[in-house]
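Chemist: Numbering (our numbering), first residue to last: 169 to 247.
The structure is given below, and queries will be raised subsequently.
Take a look at the structure:
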């Protein structure tokens, strides 16, 4: 049972990390429209990980907050 949960948690955590890194790359390469679209998917993925107990709710909130802060900062700099 524990092994099965560990494998599921690894999968969920890994895919969430991959999505987060994609958004970060989009932001640094100034592809802000694509970053906004992917941000919706990342937010959903983080929320699912929280609901499954894979990550703590405060960590999820922190991840989303930092990504949004970075995205908003780049949008202000562009305009």
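Glycine is no exception: its CB is placed at the ideal position from the N, C-alpha and C atoms.
Hey, could you find the ends of the alpha helix (DSSP H) residue 207 is sitting in?
Modeler: In the chain shown, residue 207 corresponds to position 39, counting from 1. Per DSSP, residue 207 belongs to the alpha helix (DSSP H) from 200-219.
Chemist: Quick one, which of 246, 198 and 235 has its alpha-carbon nearest residue 187's?
Modeler: In the chain shown, residue 187 corresponds to position 19, counting from 1. Closest option to residue 187, Cα to Cα, is 235.
Chemist: Please report the distance separating the alpha-carbon of residue 240 from that of residue 197.
Modeler: As a working mapping, residue 240 is identified with position 72 in the chain shown. As a working mapping, residue 197 is identified with position 29 in the chain shown. If I take the Cα positions, the gap works out to 14 angstroms.
Chemist: Quick check on the burial criterion: 16 or more other C-beta atoms within 10 angstroms. Buried or exposed for residue 228?
Modeler: Position 60 of the chain shown, counted from the first residue, corresponds to residue 228. Result: buried.
Chemist: Are the CB atoms of residue 222 and residue 207 nearer to each other than 8 angstroms?
Modeler: Sequence index remark: in the chain shown, residue 222 carries index 54 (1-based). Sequence index remark: in the chain shown, residue 207 carries index 39 (1-based). No, these two residues do not count as a Cβ contact at 8 angstroms.
Chemist: Compute the Euclidean distance between the alpha carbons of residue 217 and residue 181, then round it to the nearest angstrom.
Modeler: As a working mapping, residue 217 is identified with position 49 in the chain shown. As a working mapping, residue 181 is identified with position 13 in the chain shown. The alpha-carbon atoms of residue 217 and residue 181 are separated by roughly 7 angstroms.
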